[in-house]
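To keep things clear, I will list the structure first and then write my remarks on it.
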Amino acid sequence: MAQENRTREQFTEELARREAALAAREEQLAQEQAELAAQKADFEEGKKSLLNNGDKNFVNAKEKMYDHFPLTVHQMDIIIGVLFALIALFLVLGVTHTSFFGLFGG
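Numbering (this note's numbering), first residue to last: 592 to 697.
Take a look at the structure:
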């Protein structure tokens, strides 16, 4: 009889544990459904464009590239402009068959 009561108690404890786990899972699913509904609402109200697909946390690819360097966007634009000018200079020197060091009296 005592062993039968113990197994009933164990069964009751196991049942209570399973019910608590089930309630926690149902709460988690309800939270996920609410988050999904909120994301859907944000997506619908977000302004869609060619690149961002309505993502409100969209970051331009140029800004992602600039995040790797500890410079401002203006400083990076200046550096890129100087590099393009050097490329243009070497293209002109190559087309005119002029030596780069000949420019400095060499």
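Glycine residues also receive a C-beta, built at the ideal position from the N, C-alpha and C atoms.
**Request:** For L682, name the three-state secondary structure that DSSP assigns.
**Result:** As a first step, residue 682 must be located in the sequence shown, where it is residue number 91. The answer is helix: DSSP assigns L682 an H, G or I state.
**Message:** I need the straight-line Cα distance from I678 to M667, nearest angstrom please.
**Reply:** Taking the first residue of the sequence shown as position 1, residue 678 is located at position 87. Taking the first residue of the sequence shown as position 1, residue 667 is located at position 76. Roughly 17 angstroms between the two C-alpha positions.
**Prompt:** Rounded C-beta distance between L684 and F692? I'm assuming under 8 angstroms.
**Reply:** Counting from 1 along the sequence shown, the entry for residue 684 is found at position 93. Counting from 1 along the sequence shown, the entry for residue 692 is found at position 101. Contact flag wrong, Cβ pair sits at about 10 angstroms.
**Request:** Pull up the distance between the alpha-carbon of Q630 and that of A615, whole angstroms please.
**Result:** Sequence index remark: in the sequence shown, residue 630 carries index 39 (1-based). Sequence index remark: in the sequence shown, residue 615 carries index 24 (1-based). Taking the straight line joining both Cα atoms gives about 23 angstroms.
**Message:** Rounding to the nearest angstrom, what Cα-Cα distance links A611 and L620 in this structure?
**Reply:** Along the sequence shown, read from residue 1 onward, the residue named residue 611 stands at position 20. Along the sequence shown, read from residue 1 onward, the residue named residue 620 stands at position 29. Spanning the two alpha carbons is a distance of roughly 14 angstroms.
**Asked** So, helix, strand or coil for H659, using DSSP?
**Response** Residue 659 sits at position 68 when you count from the first residue of the sequence shown. In the structure shown, H659 sits in coil (DSSP, three-state: anything other than H, G, I, E or B).
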